[in-house]
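Asker:
Protein chains in written order, with the numbering used here: chain U, 2 to 253; chain Z, 706 to 1106; chain W, 3 to 345.
#1: Would you mind stating whether residue 278/W and residue 252/W have Cβ atoms separated by less than 8 angstroms?
#2: Threshold first: 4 residues or longer. Then list the alpha helix (DSSP H) segments lying entirely within the segment 1017 to 1095 of chain Z, N to C.
#3: Hey, would you say residue 808/Z sits closer than 8 angstroms to residue 834/Z, going by beta carbons?
#4: Compare the C-beta of residue 910/Z with all C-beta atoms of chain A and state if any pair is closer than 8 angstroms.
#5: For a contact defined as C-beta to C-beta under 8 angstroms, what are the partners of residue 115/U on chain Z?
#6: Within the segment 280 to 304 of chain W, note down every full alpha helix (DSSP H) run reaching 4 residues or more, in order along the chain.
#7: Do residue 844/Z and residue 319/W count as a contact pair if the criterion is CB distance below 8 angstroms?
#8: Indicate whether the contact test is met: 3 or more Cβ pairs, each with one atom in the segment 11 to 27 of chain W and one in the segment 284 to 300 of chain W, closer than 8 angstroms.
#9: How would you label residue 152/W, buried or exposed, when you count the other beta carbons within 10 angstroms and need 16 or more for buried?
#10: At a Cβ threshold of 8 angstroms, is residue 162/U touching chain Z?
#11: Relative to the C-alpha of residue 280/W, which residue among 329/W, 258/W, 254/W, 300/W is closest?
#12: How far does the beta strand (DSSP E) with residue 83/W in it reach, from first residue to last?
#13: Could you list which residues in chain W have their beta carbon closer than 7 angstroms to that of residue 833/Z, in chain order?
#14: I want to see whether chain U comes within less than 8 angstroms of residue 857/Z, judged by CB atoms only; does it?
#15: Secondary structure at residue 75/U, three-state DSSP: helix, strand or coil?
#16: Going by DSSP in three states, residue 747/Z sits in which element: helix, strand or coil?
#17: With three or more C-beta pairs closer than 8 angstroms as the rule, is the segment 199 to 217 of chain U touching the segment 21 to 38 of chain U?
#18: Can you tell me whether DSSP reads residue 131/U as helix, strand or coil?
#19: Buried or exposed: which applies to residue 874/Z, given that a residue is buried once 16 or more other Cβ atoms fall within 10 Å of its Cβ?
#20: Please state the DSSP three-state secondary structure of residue 890/Z.
#21: Alpha carbon to alpha carbon, how far is residue 828/Z from residue 731/Z?
#22: How many whole angstroms separate the CB atoms of residue 168/U and residue 201/U, which I take to be in contact at a CB cut-off of 8 angstroms?
#23: Can you list the residues of chain Z that residue 121/U reaches, using a CB-CB cut of under 7 angstroms?
#24: In chain Z, which residues lie less than 7 angstroms from residue 77/U when you measure between Cβ atoms?
#25: Could you check what DSSP says for residue 1/W in three-state terms: helix, strand or coil?
#26: Looking at the C-beta of residue 175/U, does it have a partner C-beta in chain Z at a distance below 8 angstroms?
#27: For the putative contact between residue 24/U and residue 8/U, defined by C-beta atoms under 8 angstroms, what is the C-beta separation to the nearest angstrom?
#28: Drop a sphere of 10 angstroms on the beta-carbon of residue 224/W, count the other beta-carbons inside from all chains shown, and report buried for 16 or more, exposed for fewer.
#29: Determine whether the Cβ of residue 253/U lies closer than 8 angstroms to any Cβ atom of chain Z.
#30: Could you name the residues of chain Z that residue 90/U contacts, counting a contact when the two beta carbons are closer than 9 angstroms?
#31: Thinking C-beta only, is residue 766/Z closer than 8 angstroms to residue 918/Z?
#32: Say whether chain Z places a C-beta atom closer than 8 angstroms to the C-beta of residue 215/U.
#33: Given a cut-off of 8 angstroms, decide if residue 44/W and residue 113/W are closer than it, judged by their beta-carbon atoms.
#34: Mark residue 249/W as exposed unless 16 or more other C-beta atoms lie within 10 angstroms of its C-beta, in which case mark it buried.
#35: Below 8 angstroms on the Cβ atoms is my contact criterion, and I expect residue 140/U with residue 131/U to pass it. Report the Cβ-Cβ distance as a whole number of Å.
#36: Along the chain, where does the alpha helix (DSSP H) that runs through residue 33/U open and close?
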């Protein structure tokens, strides 16, 4: 029994079968990568997991509860966080305010009318936010406007915002897309560090094989909307079917 | 103090002082001097500053924080006015029941309109609110005449029940016996200061609601509203539901508008449908943008600015212009008067339109940003400081979203 | 049945005006990405082109007419328009009488110029600014234009009659087999409708069949790609803005006899035209035209006594009510595209 179970999920867009009979079982505490060529249905699958898309058939169970038909904020409240391809942060707000919001959301739920309470009196929340910022080495940037951060820092901030909510499952959509090599390696280290320190389950969708093989404990290869193989990284590397479908010459 | 930081407390105290001293501060020129026409210490005008200040503060909670541009807030202004006059008609001239009713009714009305309009964002939201306000306006003029007295406007008649009216109770709006249109005139040297009950009533309410808006700005709720303006996607994926937040902001700003409308009727016991027309909604948008959307003081400044210049510019006429420029040679004097003529008196709206365009083009942050820029030039503050400030306050640039 | 036809006809002229203004708004929005709150002011300027031409043509000088005496026996002073003295009685008076249609020729260059100046002088600086800024600056511009017109022409409506030939009404009912006087329709409104149909047709044909139009349509769909092809899309968009201004202006010129021009007519129409655009779907030209006529006709149905007796006040709110219902059930309006104004 995994923390996330996807069974028999199908999704069509008009004539296109975006997902066909997808089954996925993500074990608790693992780092599970989903790879596949462009148009393999990776993003569609991710959107199903976060409630943005509802599949035509099939079930998605998170800790035994169905997430289908729930809104993104309800799914987040269950304990699933998502990191986007281009960091989605509150760019007009300061870094510190960015951190406060997930803290409040975690404590108060999807809506609370705390219009006359002052932030300064929320000692616990402030402490939590500061602690998290320190953990991602951004404490000195707390007063900066988020939009003025470097790309790498934006990514860090987004991660920190997800992690401070102590999610049970972290979904990452190409977390290193468009990054320089040095930034990519930093991100890999950060993710490994996060995984080691809090045993969080991660599902990563990624193009970059270097990233995948540095992080994943288990890999599912998706092709044309259907899982081709699921195995450990070492086995995937040498798998002939995968080579043929995806890795091609690069891995050979 | 009062749950505010030290800086905010000082800020609030300054605002309180300025508001209470307004009858003196706005009367800088002696009564008989040539510049006396620039004085603004008249009860009528000062009441407008306070009332439209309240209207703009409320509008700013919605537009400045969440970025949702409503073109229908005049509807709530109208509802507020009608509520107060109805309480005069049914009970007596005490303004309290009317103001309470105004806030409750406009809140309910805002809840209804907001619940529907907030299903859409951007310009669609603007058009929905505009449509609701225009519907209210048109209905107030036509079929709702029994409630609104149509074109004549709602007012108190002799045969109204006024069940709480007794011998000797005031026959004009009052607050437990403090009659609004009574004033104390104090002459000091050549100056005359008018301390009107009406103004102080509005001013104290304005201070209270300003304090509330300050609390909202600094609260977790305030941060959530600014987060909505910046990024609704992240909001959703952080486990927050933006809809109730925006709806709450909409209702709060509707209640502010209702209170402002109620106060208009508390100063002058009349309520007309034209208060609900879209031009009135446009006016509060102008005030907020002109002053600086998303800033605390901006909307109040904008409201004061527009109301002051409306009053002063529209009073200037050609003969006043001639007297100003009488030192010039005749031909030149006539020419200068000719050039200024379109901008004064009834042409005040032309000045307003131009001014407004200039602000949007060159000062997207409004007067507050202009003030900051000048301050930075004077004090020679460096860029870093400016960035720090940007981190503390929401960006004044506004957008429909 | 005859009542229904009558209401459809009655809705056509207002619908035509809505459609023409909404068409221009959509062109500007679709090509330049600018929400133009000054578009109503352009419509109003068009109407005042008609007023101006009428005034110019009736400029007169005073002569003493020896053939007529006033009651003191002095020769009567008569105002004679220059135009009459130059072209003779018949031609001169005919020109005067036809001043509104003639104003079309006058309005086209004027409105193109106004559009050009507006786009180059102001709007172009707002392409990259948020929509709210565009709304606000054009709103300010609308106030300015409106106040300038008020300064020169005063606050009262100025009657601007149609040519004599088009006064009176056509008995439309007889033509299609109804009894006499069942469906009476003023000639000029018919003219207005046909005129609008021609303009709308011309705009669509222009966009469809000319290379210029194809580039503009491509630009509406994907501005960046067209720019990458090395086509100077900005210049074309400037011209497009001029055309949109001219369309609004022409709508205004011909509307002058139906509604005596006044300085605030632009704002009155603007609010409704925006509702029309949104109902039609932001960025959809056919949607704008469809919604314009639809709302015009619905408005005229709602003002029937039979309808009003069932739902009092419906005539006052029908347009807004329809707008709300459509926006809630079809979020992008009748024919709107995905992703427009939803960022």
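Note that CB positions come from ideal geometry on N, CA and C, so glycine has one too.
Answerer: Answer, in terms of the structure:
#1: Residue 278/W sits at position 276 when you count from the first residue of the third chain. Residue 252/W sits at position 250 when you count from the first residue of the third chain. In this structure, residue 252/W does not lie closer than 8 angstroms to residue 278/W by Cβ.
#2: 1023 to 1029, 1035 to 1045, 1053 to 1067, 1071 to 1084
#3: As a working note, residue 808/Z is residue 103 in the second chain. As a working note, residue 834/Z is residue 129 in the second chain. Result no, Cβ atoms of residue 808/Z and residue 834/Z do not sit closer than 8 angstroms.
#4: Annotation note: the requested chain A is absent from the structure, which comprises protein chains U, Z and W.
#5: Position 114 of the first chain, counting from 1, holds the residue named residue 115/U. Within 8 angstroms Cβ-Cβ: 924, 925, 926.
#6: 287 to 304
#7: The count along the third chain starts at 1 and reaches residue 319/W at position 317. The count along the second chain starts at 1 and reaches residue 844/Z at position 139. Cβ atoms of residue 319/W and residue 844/Z: closer than 8 angstroms.
#8: Verdict: yes, contact present.
#9: As a first step, residue 152/W is located in the third chain; it is residue number 150 there, counting from the start. Note on residue 152/W: 16 or more other CB atoms within 10 angstroms of its CB, so buried under the neighbour-count rule.
#10: For the purposes of this step, residue 162/U is taken as residue 161 along the first chain, with counting starting at 1. Yes, contact with chain Z.
#11: As a position in the third chain, residue 280/W is number 278, starting the count at 1. Of the listed residues, the one whose Cα sits closest to residue 280/W is 329/W.
#12: Here residue 83/W refers to the residue found at position 81 when the third chain is read from its first residue. Counting along the chain, the beta strand (DSSP E) containing residue 83/W begins and ends at 77 to 83.
#13: Residue mapping note: residue 833/Z aligns to position 128 of the second chain, counting from 1. Result: 326, 329.
#14: Here residue 857/Z is taken as the residue at index 152 of the second chain, counted from 1. It does not; no Cβ of chain U falls within 8 angstroms.
#15: On the first chain, position 74 is the one that residue 75/U refers to. Residue 75/U falls in the helix class under three-state DSSP.
#16: One-based indexing of the second chain puts residue 747/Z at position 42. Residue state, collapsed to three classes: coil.
#17: yes
#18: Within the first chain, residue 131/U is the residue found at index 130, counting from 1. Helix at residue 131/U.
#19: Start at 1 with the first residue of the second chain, and residue 874/Z comes out as number 169. Residue 874/Z counts as exposed, since fewer than 16 other beta carbons sit within 10 angstroms of its beta carbon.
#20: As a position in the second chain, residue 890/Z is number 185, starting the count at 1. Here residue 890/Z sits in strand by DSSP.
#21: By one-based count along the second chain, residue 828/Z stands at place 123. By one-based count along the second chain, residue 731/Z stands at place 26. Taking the straight line from one Cα to the other gives about 39 angstroms.
#22: Numbered from its first residue, the first chain carries residue 168/U at position 167. Numbered from its first residue, the first chain carries residue 201/U at position 200. Their Cβ separation, rounded to whole angstroms, is 7 angstroms, which keeps residue 168/U and residue 201/U in contact under 8 angstroms.
#23: Here residue 121/U is taken as the residue at index 120 of the first chain, counted from 1. Within chain Z, the residues near residue 121/U are 710.
#24: Taking the first residue of the first chain as 1, we reach residue 77/U at position 76. Under the 7 angstroms cutoff, chain Z gives 942, 943, 944.
#25: Beyond the ends of chain W as shown, which are 3 and 345, falls residue 1/W; an answer cannot be given.
#26: Looking up residue 175/U in the first chain gives position 174. Chain Z contact via Cβ: absent.
#27: The residue labelled residue 24/U in the question sits at position 23 within the first chain. The residue labelled residue 8/U in the question sits at position 7 within the first chain. Right, the Cβ-Cβ distance comes to about 5 angstroms (below 8 angstroms), so this counts as a contact.
#28: Numbered from its first residue, the third chain carries residue 224/W at position 222. Result: exposed.
#29: Here residue 253/U refers to the residue found at position 252 of the first chain. Only weak support exists for where residue 253/U lies, its pLDDT of 38 falling under 50; the coordinates are left without a value.
#30: Along the first chain, read from residue 1 onward, the residue named residue 90/U stands at position 89. What residue 90/U touches in chain Z: 935, 936, 939.
#31: As a first step, residue 918/Z is located in the second chain; it is residue number 213 there, counting from the start. As a first step, residue 766/Z is located in the second chain; it is residue number 61 there, counting from the start. Against a cut-off of 8 angstroms, the Cβ pair of residue 766/Z and residue 918/Z comes out as a contact.
#32: As a first step, residue 215/U is located in the first chain; it is residue number 214 there, counting from the start. For residue 215/U, the answer is no, since every Cβ of chain Z falls outside 8 angstroms of its Cβ.
#33: The sequence position of residue 113/W within the third chain is 111, counting from 1. The sequence position of residue 44/W within the third chain is 42, counting from 1. Taking 8 angstroms as the Cβ cut-off, residue 113/W and residue 44/W qualify as a contacting pair.
#34: Here the question's residue 249/W lines up with position 247 in the third chain. Burial call: buried.
#35: Taking the first chain and counting its residues from 1, one reaches residue 140/U at position 139. Taking the first chain and counting its residues from 1, one reaches residue 131/U at position 130. 7 angstroms between Cβ atoms; contact.
#36: Taking the first chain and counting its residues from 1, one reaches residue 33/U at position 32. Residue 33/U -> not in any alpha helix (DSSP H); beta strand (DSSP E) instead, spanning 32 to 36.
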